[in-house]
Amino acid sequence: MEVIGLDIGFGFTKASNGKRSMIFKSVYGEASELQFKEQLLTGADQEEHLEIEIDGTSYFAGELAERQSVERFHTLDQAQFVTDFTKILALVPLSRMVGRQDPVKLVAGLPVSYYRKHKKQIVDILKGQHEVTVVDQNQERTPTVIRISSVRVVPQPFGAVMNMMLNDIGEIRDRRFLDEKIGVIDIGFRTTDFTIADHTRYSERGSRTLEMGISKAFTSIASKLQESSGVTVELYRLFDAVDAGSIKIHGKKYDLTLIREHAFTQLATRIANEANRIWANDWDMDKVLVTGGGGRVLAPHIEKLVKGDIVAQEDNKDTRLANVRGFCKYGKRLWTRGSNPPPGR
Ligand SMILES: Nc1ncnc2c1ncn2[C@@H]1O[C@H](COP(=O)(O)OP(=O)(O)OP(=O)(O)O)[C@@H](O)[C@H]1O
Ligand SMILES: [Mg+2]
Numbered sequence: 337m338e339v340i341g342l343d344i345g346f347g348f349t350k351a352s353n354g355k356r357s358m359i360f361k362s363v364y365g366e367a368s369e370l371q372f373k374e375q376l377l378t379g380a381d382q383e384e385h386l387e388i389e390i391d392g393t394s395y396f397a398g399e400l401a402e403r404q405s406v407e408r409f410h411t412l413d414q415a416q417f418v419t420d421f422t423k424i425l426a427l428v429p430l431s432r433m434v435g436r437q438d439p440v441k442l443v444a445g446l447p448v449s450y451y452r453k454h455k456k457q458i459v460d461i462l463k464g465q466h467e468v469t470v471v472d473q474n475q476e477r478t479p480t481v482i483r484i485s486s487v488r489v490v491p492q493p494f495g496a497v498m499n500m501m502l503n504d505i506g507e508i509r510d511r512r513f514l515d516e517k518i519g520v521i522d523i524g525f526r527t528t529d530f531t532i533a534d535h536t537r538y539s540e541r542g543s544r545t546l547e548m549g550i551s552k553a554f555t556s557i558a559s560k561l562q563e564s565s566g567v568t569v570e571l572y573r574l575f576d577a578v579d580a581g582s583i584k585i586h587g588k589k590y591d592l593t594l595i596r597e598h599a600f601t602q603l604a605t606r607i608a609n610e611a612n613r614i615w616a617n618d619w620d621m622d623k624v625l626v627t628g629g630g631g632r633v634l635a636p637h638i639e640k641l642v643k644g645d646i647v648a649q650e651d652n653k654d655t656r657l658a659n660v661r662g663f664c665k666y667g668k669r670l671w672t673r674g675s676n677p678p679p680g681r
């Protein structure tokens, strides 16, 4: 039996079994047979070949789809994301992380505000047997059966809380968490989730989704680029450029640092205002954890604006993985620790 945390985000899909994690862009496309696939220069980043055949159709996922699929799919619409993306984006990492027929117990997340609406749908899509074929870069095909025996869906930022509170085998890491009231701001690509863990209990009142994430800043950067270069750059192609502070379009370099600063400051201000507003009565919070991939990039802007003792996550950790690590720890607590009840549920 394998316990796996799965966080299908609008920006990145993340999966973890506690020992190993996978992360790739939440983009897929139709697979094509690559005629020539030698790396032009050795030493260049070896990208993972994520190819899978489901119900007779082959798909590329992640960077491979971005580079090689003629038609690529990426969405920022929640309903469409659940119906058209969940299955493919889930089966890609599962087909690589679990053995044939090995029963999988899965913990997956949904944004706080979509939790009720889509929870059952996610379970229905994922639970059961999935016959798929993994295709490697040499077109070697390995059929496998993914057997998902249990699916537990939780509100996304609950993962970051569990990651902080539990150790790798799902036990409380530090008794002090039992007495604390902790706010979490999970900034993702499309959504920002707010939640409060009060003495390890999930607080419905302090939990909210703001339909605003890093993609909001990317949209204004893309529209400025459209004005200056005439090219419409898809949002999911901006990660590296925004990080680097410049982009080359048709051989010309465009500086992004000023517009990035402006867009991030504006976004951080709106997120901070929302936090201060929904937590106005929660002045007794011990600390506020800023997490999610967007948490890392916005932390310097947000720290000054949100009221309370802000803790950003450790520098050397990829904050995009905080939720999925927590999902996995929570799964271990649920399913591999015997009969002890999990905290707060
Ligand atoms: N190493 C990195 N590579 C790419 N993006 C990164 C990296 N580190 C942080 N980021 C930021 O992380 C963001 C994505 O964060 P995250 O993976 O938490 O979002 P998501 O969960 O996919 O989105 P959502 O929660 O809205 O569904 C990107 O927009 C980018 O700004
Ligand atoms: Mg997320």
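Each residue of the sequence shown is one higher than the last, beginning at 337 in my numbering.
Virtual Cβ for every residue (Gly too), placed ideally from N, Cα, C.
Legend entry - Cβ pair count under 8 Å reaching 3, the region 536 to 544 against the region 582 to 601: no
Legend entry - alpha helix (DSSP H) segment containing Val497, residue limits: Translated into positions along the sequence shown, residue 497 becomes position 161. Val497: member of the alpha helix (DSSP H) spanning Pro493 to Met501, first to last residue.
Inset, instruction - Could you tell me whether any non-hydrogen atom of ligand 1 is closer than 6 Å to the CB of Gly581? - result: Within the sequence shown, the letter at position 245 stands for residue 581. Outside the cutoff, so no.
Legend entry - Gly345 CB to nearest heavy atom of ligand 2 below 6 Å: Your numbering for residue 345 matches position 9 in the sequence shown. Result yes, Cβ under 6 Å from ligand 2.
Inset, instruction - Name, in chain order, the residues that DSSP records as bridge partners for Ile508. - result: Counting from 1 along the sequence shown, the entry for residue 508 is found at position 172. According to DSSP, Ile508 bridges with Leu502.
Legend entry - Counted within 10 angstroms of its Cβ, other Cβ atoms place Trp615 as buried (16 or more) or exposed: As a first step, residue 615 must be located in the sequence shown, where it is residue number 279. Buried, since its Cβ has 16 or more Cβ neighbours within 10 Å.
Inset, instruction - Please classify Ala635: does DSSP put it in a helix, a strand, or coil? - result: Counting from one through the sequence shown, the residue named residue 635 turns up at place 299. Of the three classes helix, strand and coil, the one that applies to Ala635 here is helix, per DSSP.
Legend entry - Lys643 in three-state terms, based on DSSP: What you label residue 643 is simply residue 307 of the sequence shown in a count that begins at 1. Note: Lys643 maps to coil in three-state DSSP.
Legend entry - Contact test: Gly524 Cβ vs ligand 2 heavy atom, cutoff 6 Å: Here the question's residue 524 lines up with position 188 in the sequence shown. Because some heavy atom of ligand 2 lies under 6 Å away, the Cβ of Gly524 counts as near it: yes.
Inset, instruction - Measure the CB-CB distance between Glu516 and Asp622 and report whether it falls below 7 Å. - result: Taking the sequence shown and counting its residues from 1, one reaches residue 516 at position 180. Taking the sequence shown and counting its residues from 1, one reaches residue 622 at position 286. Contact: yes.
Inset, instruction - Pick out whichever of Ile505, Ile340, Gly629 and Val624 has its Cα sitting closest to the Cα of Lys640. - result: The residue labelled residue 640 in the question sits at position 304 within the sequence shown. Cα-wise, what sits closest to Lys640 is Val624.
Legend entry - Limits of the alpha helix (DSSP H) - the one that Lys453 falls within: The residue you call residue 453 lines up with position 117 of the sequence shown. DSSP places Lys453 inside the alpha helix (DSSP H), whose first and last residues are Tyr451 to Leu462.
Legend entry - Beta-carbon proximity check, Pro493 vs Thr531, cutoff 7 Å: In the sequence shown, counting from the first residue as 1, residue 493 sits at position 157. In the sequence shown, counting from the first residue as 1, residue 531 sits at position 195. Their beta carbons are under 7 Å apart, which means Pro493 touches Thr531 by this criterion.
Legend entry - Opening and closing residue of the beta strand (DSSP E) in which Met358 lies: Sequence index remark: in the sequence shown, residue 358 carries index 22 (1-based). Unbroken beta strand (DSSP E) run through Met358: Ser357 to Lys361.
Inset, instruction - Mind checking who Phe600 pairs with in its DSSP beta bridge? - result: The count along the sequence shown starts at 1 and reaches residue 600 at position 264. None, per the DSSP bridge assignment.
Legend entry - Separation of Ser565 from Thr349, as counted between CA atoms: As a working mapping, residue 349 is identified with position 13 in the sequence shown. As a working mapping, residue 565 is identified with position 229 in the sequence shown. Those two C-alpha atoms are separated by around 31 Å.
Legend entry - According to DSSP, residues forming a beta bridge with His466: The sequence position of residue 466 within the sequence shown is 130, counting from 1. Ile482.
Inset, instruction - Please state if the CB of Ser551 and the CB of Arg526 are separated by a distance shorter than 7 Å. - result: Locating residue 526 in the sequence shown gives position 190, counting from the first residue. Locating residue 551 in the sequence shown gives position 215, counting from the first residue. Closer than 7 Å, so yes.
Legend entry - Top-ranked residue by Cα proximity to Glu632, from Thr528, Val569, Glu570 and Glu384: As a first step, residue 632 must be located in the sequence shown, where it is residue number 296. Residue 632 is actually Arg in this sequence, not Glu. Check the Cα spacing between Arg632 and each of Thr528, Val569, Glu570 and Glu384: the tightest is with Thr528.
Inset, instruction - Flag this pair as touching only if the region 505 to 519 and the region 466 to 481 have three or more C-beta atom pairs under 8 Å; answer yes or no. - result: With the cut-off at 8 Å, the region 505 to 519 and the region 466 to 481 do not touch.
Legend entry - Coarse secondary structure for Lys441, derived from DSSP in three states: Here residue 441 refers to the residue found at position 105 of the sequence shown. In this structure, Lys441 counts as strand in the three-state DSSP scheme.
Legend entry - Nearest to Glu384 (by Cα), restricted to the options Phe360, Asp391 and Leu370: Locating residue 384 in the sequence shown gives position 48, counting from the first residue. For the residues Phe360, Asp391 and Leu370, the minimum Cα distance to Glu384 belongs to Phe360.
Inset, instruction - Use the C-beta contact count for Ala444: other C-beta atoms within 10 angstroms, 16 or more gives buried, fewer gives exposed. - result: Along the sequence shown, read from residue 1 onward, the residue named residue 444 stands at position 108. A buried status is given to Ala444, since no fewer than 16 other beta-carbon atoms sit within 10 Å of its beta-carbon.
Legend entry - Sub-7 Å separation of Glu407 and Phe396 beta-carbons: On the sequence shown, position 71 is the one that residue 407 refers to. On the sequence shown, position 60 is the one that residue 396 refers to. Not in contact: Glu407 and Phe396 (Cβ atoms no closer than 7 Å).
Legend entry - Cβ neighbours of Leu400 in the same chain (closer than 8 Å, five flanking residues each side left out): Mapped onto the sequence shown, residue 400 falls at position 64. Once the five neighbours on either side are set aside, the close Cβ partners of Leu400 are Glu383, Glu384, His385, Leu386 and Glu387.
Inset, instruction - Kindly indicate which three-state DSSP category Leu342 falls into: helix, strand or coil? - result: The residue labelled residue 342 in the question sits at position 6 within the sequence shown. Strand, per DSSP.
Legend entry - For Ala351 and Gly341, the rounded distance between their alpha carbons: The residue you call residue 341 lines up with position 5 of the sequence shown. The residue you call residue 351 lines up with position 15 of the sequence shown. So the alpha carbons of these two residues sit roughly 6 Å apart.
Legend entry - C-alpha gap between Lys668 and Ile585, whole angstroms: By 1-based counting over the sequence shown, the position of residue 668 is 332. By 1-based counting over the sequence shown, the position of residue 585 is 249. Using only the alpha carbons, I get a separation of about 47 Å.
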